[in-house]
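Number of protein chains: 2
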Amino acid sequence: MKPEQDINNLRHSAAHLLAHAVSELYPDTKLTIGPSTPEGFFYDFLPTTNFKEQDLPAIAERMQEIAERKLPLTHEQVPKAHARELYKDNPFKLELIDQIEGDTVGIARQGEFHDLCRGGHVEHTGLLKNFKLLNVSGSYWRGNRDGQPLQRISGTAFFTPKELRMYEKRRQEALKYDHRKLGKEQDLFSFHEEGPGFPFFHPRGKIVYDQLVGYLQSLLRAADYQEIATPMMLSDELWKRSGHYDHYRDNMYFSEIDDRSFAIKPMNCPGAILVYKERPRSYRELPLKLAEFGLAHRYELSGVLHGLFRARAFTIDDGHVFCTPDQLEEQIKQMVAITYTVLKKFGFEDITVGISTKPEDAMGDDALWDKATDALKHGLESAGVSFEIYEGEGAFYGPKIEFRIKDSMGREWQCGTIQVDFFQPQNFDLTYVTPEGTRARPVMVHRAIYGSIERFMAILLEHYKGRLPFFIAPVQIKILTITDEQKPYAQELLATFKERGYRVAMDESSDPISGKIKAAQLQQVPWMLVLGAKELENKTITLRHRDGKQEFGLTLDDLLKKAEIAQK
Amino acid sequence: MKPEQDINNLRHSAAHLLAHAVSELYPDTKLTIGPSTPEGFFYDFLPTTNFKEQDLPAIAERMQEIAERKLPLTHEQVPKAHARELYKDNPFKLELIDQIEGDTVGIARQGEFHDLCRGGHVEHTGLLKNFKLLNVSGSYWRGNRDGQPLQRISGTAFFTPKELRMYEKRRQEALKYDHRKLGKEQDLFSFHEEGPGFPFFHPRGKIVYDQLVGYLQSLLRAADYQEIATPMMLSDELWKRSGHYDHYRDNMYFSEIDDRSFAIKPMNCPGAILVYKERPRSYRELPLKLAEFGLAHRYELSGVLHGLFRARAFTIDDGHVFCTPDQLEEQIKQMVAITYTVLKKFGFEDITVGISTKPEDAMGDDALWDKATDALKHGLESAGVSFEIYEGEGAFYGPKIEFRIKDSMGREWQCGTIQVDFFQPQNFDLTYVTPEGTRARPVMVHRAIYGSIERFMAILLEHYKGRLPFFIAPVQIKILTITDEQKPYAQELLATFKERGYRVAMDESSDPISGKIKAAQLQQVPWMLVLGAKELENKTITLRHRDGKQEFGLTLDDLLKKAEIAQK
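Residue numbers (our numbering), protein chains in the order written: chain A, 1 to 568; chain B, 1 to 568.
As structure tokens, then:
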């Protein structure tokens with residue numbers, strides 16, 4: 001048995017423990033399902049009155065009691081008729097029984113408690129002491145938002161008290177540096193009831209957003225990308241042709257114009273395809289690299305919305321490269337290189353890369369798949385990147401590379417992706433004219449580096465614990481004077497840094513210097529230039545970093561040189 | 001009688017002439033209405049089979065014949081009952097008769113032809129010879145898109161053959177420099193059936209768009225504007241509160257999320273208001289100048305869509321300034337100054353400015369209106385701008401300034417606007433904390449300079465006859481070599497200009513120099529650097545402008561200095 005199965009068994013058993021406690025405390029509550037998750041476990045209930053956060057301590061206490069009873073966990077197969085009788089008052093369980101194949105179903109038991117269950121548990125409830133209940137949220141029966149609304153209690157569990165303590169410490173840290181909290185403290189963005197899940201960028205947040213876009217644009221320009229902008233709304237017929245309507249409709253928003261239905265774009269590819277098709281293309285134009293910072297709208301259940309991590313609108317740093325099969329390898333290599341440049345720029349050193357290969361229901365012939373998969377492999381190899389192979393896990397339309405980064409709190413995030421696409425060029429009959437004057441089919445590659453600008457901004461905020469690097473900080477430099485006497489000197493410095501394009505501000509308040517420092521600290525301004533009588537006299541500057549470190553006696557020239565380096 | 005009334009009578013009579021000819025040629029066609037317009041006239045028909053462009057010459061010929069008959073035009077009032085009998089087969093005319101007040105209606109006659117008509121004509125059809133039919137388009141009865149679809153024939157008419165010739169010359173020129181034609185020739189943007197009225201920006205067009213935004217951003221930054229970005233979709237409740245839902249609903253698109261209706265924003269103000277309200281504001285923050293380059297979506301009838309002039313989505317260069325009443329004048333002054341800077345930058349010297357004052361149904365007290373209107377006047381005066389007063393033509397929520405520019409073909413465009421708004425601050429209960437610690441109501445000013453980036457781009461394309469100025473041209477410099485021998489020299493120049501941030505390209509084709517020049521000319525590249533044997537030998541450059549003018553023997557230094565000036 002592998003370790004990850006063990007922890008899954010532990011957590012699934014902890015879900016039973018939770019259901020057991022709830023059944024004892026609230027006997028009229030209907031049980032539905034309670035799986036383990038990568039982070040812990042949950043159980044979805046239909047209670048007679050909704051659970052609140054303040055109910056959790058009592059439930060946890062009862063769980064602890066049951067754990068102390070050290071009840072053995074057993075599991076047996078029983079005839080379906082028997083199970084139907086057992087759960088005759090629970091329509092959810094009856095539905096599940098109907099859907100299980102075969103004549104018997106599994107029942108797990110611990111003391112008086114029993115639950116419909118496929119199995120996989122620890123030996124007795126005494127092993128389940130190291131758990132923590134985390135929160136109550138709304139959910140739906142089988143995740144279907146037209147289905148019965150339910151109440152979900154989530155928690156986590158570990159084998160040892162030490163593991164649980166470490167988890168709680170990490171969680172405290174994550175809460176402290178929650179990007180939603182930092183976003184408010186640093187006045188970066190907000191969410192409003194008038195547009196749930198749609199971020200409002202405040203001036204300071206818009207600067208960070210623009211810096212992220214601008215930095216990538218400079219790399220893309222150097223790599224001969226050309227930027228396009230395609231409409232927010234496109235007709236249903238287009239989304240039907242692209243396949244999004246069939247596969248993705250439930251996550252799309254629609255509107256009507258002149259009795260015709262249009263979707264608000266959830267992806268940018270169809271727009272790029274129409275631009276490609278707008279006129280005949282020659283082999284001379286390939287590889288054609290189209291970039292689009294495209295605002296996509298996607299439906300998410302209100303219960304799973306999570307600041308900028310999971311919003312209903314976000315900007316994809318999309319790239320669509322149209323090339324010949326022979327150009328594929330070089331293109332992949334370039335994309336991998338840019339991805340690494342960007343991720344390392346933001347201090348992500350621990351990057352996991354995987355290639356997902358041909359699945360069973362793939363389109364396109366084996367030779368093309370082999371060529372494309374080799375192109376992905378060689379592209380990574382020539383960039384000196386080691387990778388895993390996820391056999392058969394590619395999309396039906398082509399193989400892909402996925403990049404996962406580990407942040408400073410040890411959490412993994414999937415950001416970049418490079419996807420080869422044989423399907424859309426055929427589906428939209430994309431062609432180019434070869435040197436021989438014949439028509440040939442280009443390959444299309446979809447790629448994103450940030451993934452979503454908004455989400456990447458949130459990852460950065462948490463990764464840097466609120467201290468965004470100098471080159472993307474909303475205000476890079478704040479000038480603080482100890483008395484009004486230094487104001488003219490401060491004005492001089494302000495003008496000098498402004499002229500050179502730095503985002504620099506001056507604290508004009510009459511607060512004492514300690515107050516000024518505190519205010520700049522809260523906004524995580526990277527550089528504070530502190531000016532007092534001594535600095536004025538010697539025409540020097542004290543540079544105070546946001547971590548409290550200070551450098552004394554710097555000249556303007558010193559500072560300008562430092563700033564130039566920090567800006568790069 | 002004023003001259004513009006004369007021309008209106010002439011054109012309205014020409015519409016009758018058109019209807020007369022159509023009645024003779026297609027007797028079963030139902031007539032509806034035929035007014036004069038600022039540009040000419042039209043008549044809306046319900047024909048038995050749709051008119052085509054190729055029907056126009058025959059109709060025009062018959063009009064010319066009727067004109068030569070020199071039929072006197074008469075006009076009489078007849079009892080409604082009589083008119084109802086006369087038009088018993090025409091439901092449109094019957095509807096009109098019902099809606100006219102009083103017991104009689106006017107009937108105009110010329111020969112056998114008669115039409116329901118308020119009057120205002122020339123003496124006889126012989127005066128109507130100088131007309132031209134322009135096109136056939138779709139329309140709706142009373143412009144209501146749920147109403148009966150009709151066919152509109154449009155034309156124009158003048159008093160003298162010379163005036164008509166001049167008009168046709170201007171029209172030819174306008175057709176030649178139609179931005180839709182230029183947009184295609186220069187590969188700037190396109191429209192697609194999959195998104196009617198929604199522009200697709202190609203890489204070259206996206207550069208122009210970005211340059212327009214970037215130029216304005218640099219002015220706004222200097223004027224202490226802060227940029228925000230608010231969502232594309234906001235709830236109906238918000239639009240109901242803002243008043244847009246009641247007044248503007250027919251031009252808005254809607255979508256549903258979780259059974260709640262959201263509008264796709266037709267304007268950016270409610271978003272800015274929510275950002276203002278996000279936290280308490282102090283007098284210290286005022287004037288708070290929020291800029292947003294916000295993509296707005298507005299419904300337009302498909303028949304009136306006209307490239308980037310009239311599209312269904314466009315980016316407003318919105319500014320929302322929140323200030324105290326006392327700060328208003330200074331703010332207006334700054335806005336006028338920026339507007340003039342921008343318009344003059346693009347060569348618009350003929351600018352008409354008007355102030356629209358308090359209408360009858362205004363909100364807010366007279367003192368506040370006087371103060372605001374004075375602020376507008378003084379703002380213009382202190383910028384040395386003369387203006388007209390449009391008495392009583394302001395919006396109910398406040399007075400406004402409108403800027404109209406005349407382009408190189410003599411056509412007028414309304415672009416910028418500055419609108420004082422007393423209503424929304426009260427409606428959304430916006431406040432700020434005064435120095436005394438009390439709460440006070442800010443004034444809100446809406447302002448746009450370009451109006452719509454997309455429309456302004458179209459105006460510029462036509463105004464410059466396709467020759468966009470150096471600083472916003474998609475490709476600013478193109479390097480053309482006469483033989484391959486000059487390629488290394490060309491590469492050097494390419495690298496030098498690229499490094500300095502210019503948009504520079506090299507013609508890599510094996511075409512002869514004449515072909516290379518022609519290609520660069522078609523794309524209206526401002527500067528062609530022509531390199532031959534002589535240039536290589538002397539390390540000089542021949543600069544060819546797109547108008548054919550050439551400057552020989554320039555050094556790289558000369559060129560860099562020239563470029564720096566052109567870039568400003």
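Glycine included, C-beta positions come from ideal geometry on N, C-alpha and C.
Worksheet entry | Cross-chain neighbours of B/Lys206 in chain A, by beta carbon under 7 angstroms | Against the second sequence, residue 206 of chain B aligns to sequence position 206. Per Cβ cutoff of 7 angstroms: Glu227, Ile228, Ala229.
Worksheet entry | Amino acids of chain A, ordered along the chain, whose beta-carbon sits closer than 9 angstroms to that of B/His244 | On the second sequence, residue 244 of chain B is found 244 positions in, with the first residue counted as 1. Here the premise fails: no neighbours, minimum Cβ distance about 13 angstroms.
Practice prompt. Can you tell me the Cβ-Cβ gap for B/Tyr254 and A/Ser255, rounded? I've got them flagged as a contact below 8 angstroms.
Written response: Taking the second sequence and counting its residues from 1, the one referred to as residue 254 of chain B is at position 254. Taking the first sequence and counting its residues from 1, the one referred to as residue 255 of chain A is at position 255. Checking the sequence, you will find Phe at residue 254 of chain B rather than Tyr. Separation of the CB atoms of B/Phe254 and A/Ser255 is rounded to 6 angstroms, and the pair is thereby assigned contact status at 8 angstroms.
Practice prompt. Can you pull the chain B residues whose beta carbon is under 8 angstroms from the beta carbon of A/Ile264, in chain order?
Written response: Counting from one through the first sequence, the residue named residue 264 of chain A turns up at place 264. The contacting residues are Met232, Met233, Ser255, Ile264.
Worksheet item: Distance, Cα to Cα, A/Asn9 vs A/Leu25?
Response: Within the first sequence, numbered from 1, the residue matching residue 9 of chain A stands at position 9. Within the first sequence, numbered from 1, the residue matching residue 25 of chain A stands at position 25. Rounded to whole angstroms, A/Asn9 to A/Leu25 spans 24 angstroms at the Cα level.
Worksheet item: Among B/Asp429, B/Tyr245, B/Val445, B/Glu412, which one has its Cα closest to the Cα of B/His463?
Response: Reading the second sequence from its first residue, position 463 is the one you call residue 463 of chain B. Comparing Cα-Cα distances from B/His463 to each of B/Asp429, B/Tyr245, B/Val445, B/Glu412, the minimum goes to B/Glu412.
Worksheet item: Just how far apart, CA to CA, sit B/Ile100 and B/Glu194?
Response: Along the second sequence, one-based indexing puts residue 100 of chain B at 100. Along the second sequence, one-based indexing puts residue 194 of chain B at 194. Their Cα atoms are separated by approximately 43 angstroms.
Practice prompt. Would you mind telling me which residues of chain A sit closer than 9 angstroms to B/Tyr489, beta carbon to beta carbon, in chain order?
Written response: Working through the second sequence from its first residue, we reach residue 489 of chain B at position 489. Near B/Tyr489 there are no residues of chain A at all, since even the closest Cβ is about 22 angstroms away, more than 9 angstroms.
Worksheet item: What is the DSSP secondary structure of B/Ala383, reduced to helix, strand or coil?
Response: Locating residue 383 of chain B in the second sequence gives position 383, where the first residue counts as 1. Reduced to three states, the DSSP call for B/Ala383 is coil.
Discussion item. Let's test the definition: count the other Cβ atoms within 10 Å of the Cβ of B/Ser218 and tell me whether it reaches 16, buried, or not, exposed.
Written reply: The residue you call residue 218 of chain B lines up with position 218 of the second sequence. Exposed, since its Cβ has fewer than 16 Cβ neighbours within 10 Å.
Discussion item. I need the straight-line Cα distance from A/Tyr283 to A/Pro435, nearest angstrom please.
Written reply: The count along the first sequence starts at 1 and reaches residue 283 of chain A at position 283. The count along the first sequence starts at 1 and reaches residue 435 of chain A at position 435. Within the model, the alpha-carbon separation for A/Tyr283 versus A/Pro435 is close to 7 angstroms.
Worksheet item: So A/Thr341 is in the alpha helix (DSSP H); what residue range does that whole segment cover?
Response: Along the first sequence, one-based indexing puts residue 341 of chain A at 341. Unbroken alpha helix (DSSP H) run through A/Thr341: 328-345.
Discussion item. Can you tell me whether A/Ala569 is helix, strand or coil according to DSSP?
Written reply: No statement about residue 569 of chain A is possible, as the shown extent of chain A runs from 1 to 568 and does not include it.
Item to complete: Closer than 6 angstroms by C-beta to A/Gly147: which residues in its own chain qualify, once you throw out the five before and the five after it? Chain order, please.
Response: The residue given as residue 147 of chain A occupies position 147 in the first sequence. Correct list, in chain order: Tyr140, Trp141.
Discussion item. Could you tell me the alpha carbon to alpha carbon distance between A/Leu308 and B/Gln486, rounded to whole angstroms?
Written reply: Here residue 308 of chain A refers to the residue found at position 308 of the first sequence. Here residue 486 of chain B refers to the residue found at position 486 of the second sequence. Taking the straight line joining both Cα atoms gives about 53 angstroms.
Worksheet entry | Secondary structure, alpha helix (DSSP H): runs of 4+ residues fully inside the segment 200-272 of chain A | 203-222, 236-242, 244-248
Worksheet item: Of all the residues that make up the segment 164-189 of chain B, which are near chain A by a beta-carbon distance shorter than 7 angstroms?
Response: Taking 7 angstroms as the Cβ-Cβ cut-off against chain A, none of the residues of the segment 164-189 of chain B qualify.
Worksheet item: Using the C-alpha atoms, what's the distance from B/Val445 back to B/Met1?
Response: Within the second sequence, residue 1 of chain B is the residue found at index 1, counting from 1. Within the second sequence, residue 445 of chain B is the residue found at index 445, counting from 1. With a pLDDT of 48 at B/Met1, under the threshold of 50, the predicted position of this residue should be treated as unreliable, though the coordinate-derived value follows. Roughly 40 angstroms separates the two Cα atoms.
Worksheet entry | Proximity to B/Asp187 [Cα-Cα], best of B/Lys561, B/Ala519, B/Thr555, B/His545 | What you label residue 187 of chain B is simply residue 187 of the second sequence in a count that begins at 1. If we check each option's Cα against that of B/Asp187, B/Ala519 comes out closest.
Worksheet item: Nearest-angstrom Cα distance between A/Glu4 and A/Phe158?
Response: Here residue 4 of chain A is taken as the residue at index 4 of the first sequence, counted from 1. Here residue 158 of chain A is taken as the residue at index 158 of the first sequence, counted from 1. Residue placement at A/Glu4 is flagged as unreliable, the pLDDT there being 46, under the threshold of 50; the coordinate-derived value follows with that caveat. If I take the Cα positions, the gap works out to 12 angstroms.
Worksheet item: Under three-state DSSP, which class holds A/Gly570?
Response: With chain A running from 1 to 568 in the structure shown, residue 570 of chain A is simply not present.
Worksheet item: Any C-beta of chain A sitting closer than 8 angstroms to the C-beta of B/Tyr283?
Response: Taking the first residue of the second sequence as 1, we reach residue 283 of chain B at position 283. Not one chain A Cβ lies under 8 angstroms of B/Tyr283.
Worksheet item: Taking DSSP as the reference, what is the three-state secondary structure of A/Ile497?
Response: Numbered from its first residue, the first sequence carries residue 497 of chain A at position 497. For clarity, residue 497 of chain A is Phe in the given sequence; the question names Ile instead. Helix, per DSSP.
Discussion item. So within the segment 58-132 of chain A, which uninterrupted alpha helix (DSSP H) runs reach at least 4 residues, ignoring any that extend past its ends?
Written reply: 80-86, 91-99
Worksheet entry | Beta-carbon neighbours of A/His306, restricted to chain B and to distances below 8 angstroms | Here residue 306 of chain A is taken as the residue at index 306 of the first sequence, counted from 1. Near A/His306 there are no residues of chain B at all, since even the closest Cβ is about 17 angstroms away, more than 8 angstroms.
Worksheet item: In chain A, which residues lie with their C-beta within 7 angstroms of the C-beta of B/Phe198?
Response: Residue 198 of chain B sits at position 198 when you count from the first residue of the second sequence. Under the 7 angstroms cutoff, chain A gives Pro231, Met233.
Practice prompt. Give the interface partners of A/Tyr299 over in chain B, defined as CB-CB distance under 8 angstroms, in chain order.
Written response: For this step, residue 299 of chain A is matched to residue 299 along the first sequence. Chain order gives the chain B residues near A/Tyr299 as Ile257, where near means a beta carbon separation below 8 angstroms.
Discussion item. If contacts are defined as beta-carbon pairs under 8 angstroms, then A/Phe456 and A/Leu212 qualify, I think. What distance do you get, rounded to the angstrom?
Written reply: The residue you call residue 456 of chain A lines up with position 456 of the first sequence. The residue you call residue 212 of chain A lines up with position 212 of the first sequence. Between A/Leu212 and A/Phe456 the Cβ distance is about 7 angstroms, and since that is below 8 angstroms, they are a contact.
Discussion item. Just to make sure I have the definition right: I need the residues of chain A whose C-beta is within less than 7 angstroms of the C-beta of B/Val275. Which are they?
Written reply: Translated into positions along the second sequence, residue 275 of chain B becomes position 275. Going along chain A in sequence order, the residues near B/Val275 (Cβ under 7 angstroms) are Phe200, His202.
Worksheet item: Any idea what DSSP makes of B/Ser356, helix, strand or coil?
Response: In the second sequence, counting from the first residue as 1, residue 356 of chain B sits at position 356. The answer is strand: DSSP assigns B/Ser356 an E or B state.
Item to complete: Could you say which of A/Gln521, A/Asp557, A/Lys539 lies nearest to A/Lys549 if we only look at CA atoms?
Response: Along the first sequence, read from residue 1 onward, the residue named residue 549 of chain A stands at position 549. Closest option to A/Lys549, Cα to Cα, is A/Gln521.
Worksheet entry | B/Glu454 to B/Phe201 span [Cα, whole Å] | Along the second sequence, one-based indexing puts residue 454 of chain B at 454. Along the second sequence, one-based indexing puts residue 201 of chain B at 201. Those two C-alpha atoms are separated by around 10 angstroms.
Worksheet item: If you draw a straight line from the C-alpha of B/Glu227 to the C-alpha of B/Glu292, how long is it?
Response: Residue 227 of chain B sits at position 227 when you count from the first residue of the second sequence. Residue 292 of chain B sits at position 292 when you count from the first residue of the second sequence. In this structure, the straight-line span from the alpha carbon of B/Glu227 to that of B/Glu292 is close to 6 angstroms.
Worksheet item: In terms of residue numbering, what span does the alpha helix (DSSP H) encompassing A/Arg165 cover?
Response: Here the question's residue 165 of chain A lines up with position 165 in the first sequence. A/Arg165 -> alpha helix (DSSP H) spans 161-176.
Worksheet item: Can you tell me whether DSSP reads A/Arg404 as helix, strand or coil?
Response: By 1-based counting over the first sequence, the position of residue 404 of chain A is 404. Strand, per DSSP.
Practice prompt. Per DSSP, which residues does A/Glu412 bridge with? Please list them.
Written response: Counting from 1 along the first sequence, the entry for residue 412 of chain A is found at position 412. Residue pairing by DSSP puts A/Glu412 in a beta bridge opposite A/Lys406.
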